[in-house]
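The sequence shown runs 48 to 391 under our numbering.
Beta carbons are placed, not taken as given, at the ideal position from N, Cα and C, and that holds for glycine.
One structure below.
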Amino acid sequence: MATFIYTHKADCDGVCSAAILERYVDLENVDSRVDFIDYGALAQKAFSRIEGLAHGSEVIIADFGCDISLLPAAERAISSLNKRGGKLVWLDHHKWDEESVRRLSPLAKVRLSKSDELCGAELSYLEYMGDDELSRRLAAIGRDSDIDMWKTNPPSPSYALTKPLADLITYYNYLANDDDDKRRGLLLSLVRKLSDAPLDRIVGKDFDNPFWDNEMQKDFSEYKKLETSKLEECLGSAETFKAGDYTFVIGISDRVLSTTTVGNALLNRYNADASFVVRETGLISIRRSTGRYSIKCDELAKLFSGGGHEYAAGGKLGYELKDLEAVKLAKSEIIKNVSTHYNA
Ligand SMILES: [Mn+2]
């Protein structure tokens, strides 16, 4: 019997969820495997693995949501797991559609929170490690990154570790590119360092020296150099437009940059009310400026077949930005859709 843990690959909340759950399986002294999940192919892969797990396996998914596109694979995987005496616990704070909640709730222990109530790491901490101080602090980092840090502009994180940790996660995803095993290796080393971390470094306020580990420090410096040059490139070529009573800004972002970082940098540089960060893959991240509660990012994301939170959301264009023509088309499409939305 073993426990299989899947958490969202993309950010501090997912990685801190994994670190907390890693502490749980260590404490319970059970065999375990930590892996990372994301929307699309990675989730399909995870569900087909879960479908074939050995008798009595336990699965925990944290900080990752189900939607209608994943539902058939998820349902099949959990049913098959249950038939073989296994069980699945799913902890999340993304917005689920009703159909997914209705069909998965009888099959698994599904614990959902509102997006800004409890993050994935907090749900993991409360469910499994309620007595553990380090887990409580790791959960606070997840919360800082997902919910609290971006409430002020510019962001002033409560923990020195949050922002550099978010950057390292972005960097490792970048280095791995599409190599799932490489990504797992890089992120897992981070998870192990966090689950074993000295408590005073997790809660530390040393913003100049947040890391306690040479490898983390070295990787972080390399990331910073790359980030600076790519961010300047993006800010320099950004475009603003007005719709409704608002000023919007569009930036084309290299995938090494975290969309959160770029979004906030664009909002600051152009004093805009909301930002559209477009990646080469055609994915769009939408973020509003502090206090612009009247802008609903999830509503704007729907214009691009997406969704998310009111304060931040994402969608897609449906094509890649391979050349300047595609970039031009992307910008004009965003301007047109958003203008139509506010004039309707
Ligand atoms: Mn989260």
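query, result
"Verify the contact flag: ASP193, CB atom, against every heavy atom of ligand 1, threshold strictly below 7 Å.", "yes"
"Is it buried or exposed, PRO201, if we count other Cβ atoms within 10 angstroms and call 16 or more buried?", "Low confidence applies to PRO201: its pLDDT is 49, below 50, so where it sits in the model is not reliable enough to give any reading."
"Are the beta-carbon atoms belonging to GLY167 and ASP60 less than 8 Å from one another?", "yes"
"Taking Cβ positions, are ILE84 and LEU68 nearer each other than 8 Å?", "no"
"Assess contact between the segment 212 to 223 and the segment 249 to 268, defined as three or more Cβ pairs (one per stretch) separated by less than 8 Å. Is contact present?", "yes"
"Using the C-alpha atoms, what's the distance from GLY133 back to LEU154?", "11 Å"
"Would you call GLY112 buried or exposed, if buried means 16 or more other Cβ atoms sit within 10 Å of its Cβ?", "buried"
"Specify, as a first and last residue, the run of the beta strand (DSSP E) that SER300 falls within.", "293 to 300"
"Please list the segments of the alpha helix (DSSP H) lying wholly inside the segment 236 to 271, counting only runs of 4 or more residues, in order along the chain.", "246 to 249"
"List, from N- to C-terminal side, the beta strand (DSSP E) runs of 3 residues or more that fit wholly inside the segment 137 to 198.", "156 to 159"
"Is there a Cβ of chain D sitting closer than 8 Å to that of ALA359, yes or no?", "The structure shown contains no chain D; it is built from a single protein chain."
"What residues match up with ILE382 in a beta bridge as DSSP calls it?", "Per DSSP, none; premise fails for ILE382."
"Can you round the beta-carbon distance between ALA312 and LEU347 to whole angstroms, since I take them to be within the 8 Å contact cut?", "That pair is no contact at about 19 Å."
"Does the beta-carbon distance from VAL374 to PHE295 come in below 8 Å?", "no"
"Excluding the 5 residues flanking LEU117 on each side, which residues of the same chain have their C-beta closer than 6 Å to its C-beta?", "ALA90"
"Between which two residues does the alpha helix (DSSP H) containing GLN285 stretch?", "As written in the sequence, residue 285 is Ala, which differs from the Gln given in the question. Premise fails: ALA285 is in no alpha helix (DSSP H) and is neither H nor E."
"Could you please give the first and the last residue of the uninterrupted beta strand (DSSP E) stretch that includes ARG50?", "Sequence inspection shows Thr at residue 50; the Arg mentioned does not correspond to that position. 49 to 55 is the extent of the beta strand (DSSP E) around THR50."
"Could you check which residue in ALA121, ARG158, ILE115 and ARG123 has the C-alpha nearest to that of GLU145?", "ILE115"
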